[in-house]
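Structure first, then comments.
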Amino acid sequence: MHRSRLAAIGIDCPSEVHEATSAFWAGALIGPAGPFDDDGTYVGVGHVAGREVFVQRIDGPARVHLDIETDDVEAEVARLEALGATRLQAVKTWWIMQDPSGQPFCVVRPQTPDFPGDATTWPWRVGGASRRAAPATPR
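The opening position of the sequence shown corresponds to residue 925 in my numbering, with each subsequent residue numbered one higher.
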């Protein structure tokens, strides 16, 4: 069994508009912009319904992606693959994946101090007898 939940909303944008985009979303969400890392790739711009919102500098087109935090990255990735997601790239301790429509999202280790909080507990095991996603256990 493992747990997962929506952790963050990422606003991806090209380098040339990263600063302006960060300032815009910090103002829109009434949150001070602040970098998550030393090189400023990730800038926190506020919270929505208890979830972090950040602007991420990328090489590519602007888009929005979700981060799902979990206490077992491989089990969550396998569960999401059974639902139709595909793995795109392993990065450090997380996976970049895409949903069936091609929208990217990330599966990450716990990022928020209150995890597991309202996370869903999944009776899903990697290598289990069934490869179908099991329904959530209410908590």
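We put the CB at the ideal spot given by N, CA and C, even for glycine.
Asked	Found
Determine the DSSP secondary structure at Thr1044, reduced to helix, strand or coil.	strand
Going along the chain, which residues of its own chain have a beta-carbon closer than 7 angstroms to the beta-carbon of Leu930, five neighbours each way excluded?	Arg975, Leu990, Ile992
How would you call Met925, buried or exposed, if buried means at least 16 neighbouring beta carbons within 10 angstroms?	exposed
Thinking C-alpha only, which one of Trp1046, Arg1033, Val1032, Pro1028 is nearest Ile982?	Pro1028
Which residues bound the beta strand (DSSP E) around Ile928?	Per the sequence presented here, residue 928 reads as Ser, with Ile not at that position. Where Ser928 is concerned, the enclosing beta strand (DSSP E) stretches over 926-938.
By DSSP's criteria, His971 is part of a beta bridge. Which residues make up the other side?	Glu976
Looking at C-beta atoms only, is the number of pairs between the segment 999-1015 and the segment 962-979 that lie closer than 8 angstroms three or more?	no
Find the nearest neighbour of Pro1024 within the set Gly1008, Phe1039, Cys1030, judged by alpha-carbon distance.	Gly1008
If you measure between the beta carbons of Ile933 and Val972, is that distance less than 8 angstroms?	yes
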